[in-house]
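Enquirer:
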Amino acid sequence: MGQLAHEYQTFRDAGIALIMVSTDSPRRARQLAEQTKPHFPVLSDVDADATVAYDIFENGIALPSTWVIDRKGMVRWTYIGKNANDRPEPELMLAHARATAESEAA
Numbered sequence: 004m005g006q007l008a009h010e011y012q013t014f015r016d017a018g019i020a021l022i023m024v025s026t027d028s029p030r031r032a033r034q035l036a037e038q039t040k041p042h043f044p045v046l047s048d049v050d051a052d053a054t055v056a057y058d059i060f061e062n063g064i065a066l067p068s069t070w071v072i073d074r075k076g077m078v079r080w081t082y083i084g085k086n087a088n089d090r091p092e093p094e095l096m097l098a099h100a101r102a103t104a105e106s107e108a109a
């Protein structure tokens with residue numbers, strides 16, 4: 004999350020909203036947000052409802068994932084990590100988000 008927190012302004016300038024969903028308790032999610040100061044919402048999915056629904060829960064662990072969702076709520080791009088450290092670079096996320104925004108504007 005630290006890397007995204009540093010890139011937040013770039014996403015915001017492009018009109019892209021970021022939201023993090025954590026399977027940690029609300030207290031732990033709040034502590035994490037206080038430590039990293041991400042400038043975007045950090046939500047708690049302590050029961051793993053979202054991770055199970057999106058099939059990113061494996062062996063009792065939520066896999067890191069990134070989703071680009073358009074203004075109509077359609078998933079336009081997904082990155083599912085293979086382990087806790089497998090996350091896309093912010094530049095890749097931004098490229099897919101910008102491509103989605105451009106296709107919506109066309």
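Heads up, the sequence shown is in our numbering, so the first residue is 4 and it goes up one at a time.
In this text, a Cβ means the ideal position worked out from N, Cα and C, and glycines have one as well.
Note that this is a predicted model, so its numbers are computed, not measured.
Excluding the 5 residues flanking T69 on each side, which residues of the same chain have their C-beta closer than 6 Å to its C-beta?
Expert: Cβ within range, chain order: Y82, P91 and M96.
Enquirer: Return yes when the C-beta of N62 is under 7 Å from any heavy atom of the ligand MG, and no when it is not.
Expert: Although the ligand MG was asked about, the structure shown includes no ligands whatsoever.
Enquirer: Entirely within the segment 37 to 109 and at least 3 residues each: give me those beta strand (DSSP E) ranges in chain order.
Expert: Complete beta strand (DSSP E) runs here, min 3: 45 to 47, 68 to 72 and 78 to 83.
Enquirer: Taking just the CA atoms, how far does G18 sit from A104?
Expert: Cα to Cα, the separation comes out at about 9 Å.
Enquirer: First and last residue of the beta strand (DSSP E) that includes S28?
Expert: Taken as a continuous stretch (DSSP letters only), S28 belongs to no beta strand (DSSP E), as it is neither H nor E.
Enquirer: Out of curiosity, what's the CA-to-CA distance linking G76 and K40?
Expert: The alpha-carbon atoms of G76 and K40 are separated by roughly 27 Å.
Enquirer: Nearest CA to the CA of Q6: which residue from R31, P29 and H42?
Expert: Per the Cα distances, H42.
Enquirer: Distance, Cα to Cα, I59 vs S47?
Expert: I59 and S47: Cα-Cα distance of roughly 15 Å.
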